[in-house]
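Note that the sequence shown covers residues 329 to 483 in our numbering. A virtual CB, placed ideally from N, CA and C, is assigned to each residue, including glycine.
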Amino acid sequence: MAISYLTLSQKQSIGSILSNIHTTFARNVTLYKIGQRITIANDPSYNAYYSSQSTPELETVSLEATARIRYLKAEEDFFGLKDGSAATGHQNKIILPAGSVKIKVDQAAKDFLKDAQRVELDGNRYVVVSNGRLIAMFGPDISPFYEYILTPTDE
Numbered sequence: 329m330a331i332s333y334l335t336l337s338q339k340q341s342i343g344s345i346l347s348n349i350h351t352t353f354a355r356n357v358t359l360y361k362i363g364q365r366i367t368i369a370n371d372p373s374y375n376a377y378y379s380s381q382s383t384p385e386l387e388t389v390s391l392e393a394t395a396r397i398r399y400l401k402a403e404e405d406f407f408g409l410k411d412g413s414a415a416t417g418h419q420n421k422i423i424l425p426a427g428s429v430k431i432k433v434d435q436a437a438k439d440f441l442k443d444a445q446r447v448e449l450d451g452n453r454y455v456v457v458s459n460g461r462l463i464a465m466f467g468p469d470i471s472p473f474y475e476y477i478l479t480p481t482d483e
């Protein structure tokens with residue numbers, strides 16, 4: 329087992345400071361889950377999508393959360409390294425549209441984002457295109473945050 333040079337109370341204190349930094353720089357975002365339309369027919373020749381004239385309303389659930397927001401410059405973040413040399417390997421194949429964003433959220437927002445499709449921030453709508461990546465200095469138990477990549481929509 330690895331020896332830690334920090335005690336648990338020191339780790340929790342540092343985690344508290346990181347949470348304060350998140351609270352200081354976080355901005356409000358709205359997360360959206362859009363419901364699904366489900367149709368059940370007893371007759372195999374019945375097609376509910378073509379037979380019904382009205383489109384059922386999809387239930388939309390939203391959550392107000394806070395997130396730290398970083399607007400990406402895709403060519404700098406993914407295609408080049410800090411020293412200016414070209415990146416190698418699979419990173420050269422990542423293409424993100426202009427206006428893409430990274431957000432860091434807390435555990436409650438991460439739980440909601442598992443099923444969410446849209447995020448609204450600064451009056452613009454974005455689509456979640458990545459899974460949450462854990463950002464925690466001392467593991468998932470002390471001040472965990474999760475990072476997501478979002479791309480803009482045309483809505």
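Nearest candidate by alpha-carbon position, reference residue i, set the options
i      : options                        : result
Ser347 : Ala330, Leu386, Ala395, Leu391 : Ala395
Leu441 : Ala464, Ser390, Ser471, Pro425 : Ser390
Lys432 : Leu334, Val357, Ser344         : Val357
Gln435 : Ile423, Pro468, Glu448, Leu424 : Pro468
Leu449 : Leu478, Ile349, Glu387         : Leu478
Ile423 : Lys339, Val457, Leu386         : Val457
Thr388 : Lys361, Lys401, Tyr399, Arg398 : Lys361
Ser344 : Glu475, Phe466, Tyr476         : Phe466
Ala444 : Ala393, Phe353, Arg355, Ile349 : Ala393
Ala354 : Arg446, Asn459, Ala437         : Ala437
Ile349 : Leu386, Ser471, Tyr476         : Ser471
Residues bridged to residue i (per DSSP)
i      : result
Glu448 : Thr358, Arg453
Leu462 : Tyr474
Host alpha helix (DSSP H) of residue i (start-end)
i      : result
Lys438 : 435-441
Thr351 : 336-353
Through-space distance from residue j to residue i, alpha-carbon basis
i      : j      : result
Phe473 : Thr351 : 12 Å
Leu462 : Gly363 : 27 Å
Asn452 : Ser332 : 44 Å
Ala426 : Thr335 : 44 Å
Pro480 : Arg398 : 13 Å
Lys339 : Tyr454 : 35 Å
Asp482 : Ser341 : 43 Å
Lys430 : Lys401 : 11 Å
Ala464 : Arg446 : 25 Å
Asn459 : Tyr476 : 6 Å
Asp439 : Ser337 : 27 Å
Leu386 : Ala330 : 51 Å
Residue i - DSSP class collapsed to helix/strand/coil
i      : result
Tyr333 : coil
Leu424 : coil
Pro390 : The sequence given here places Ser at residue 390; Pro does not occur at that position. Strand, per DSSP.
Lys430 : strand
Boundaries (first-last residue) of the beta strand (DSSP E) holding residue i
i      : result
Phe473 : 473-480
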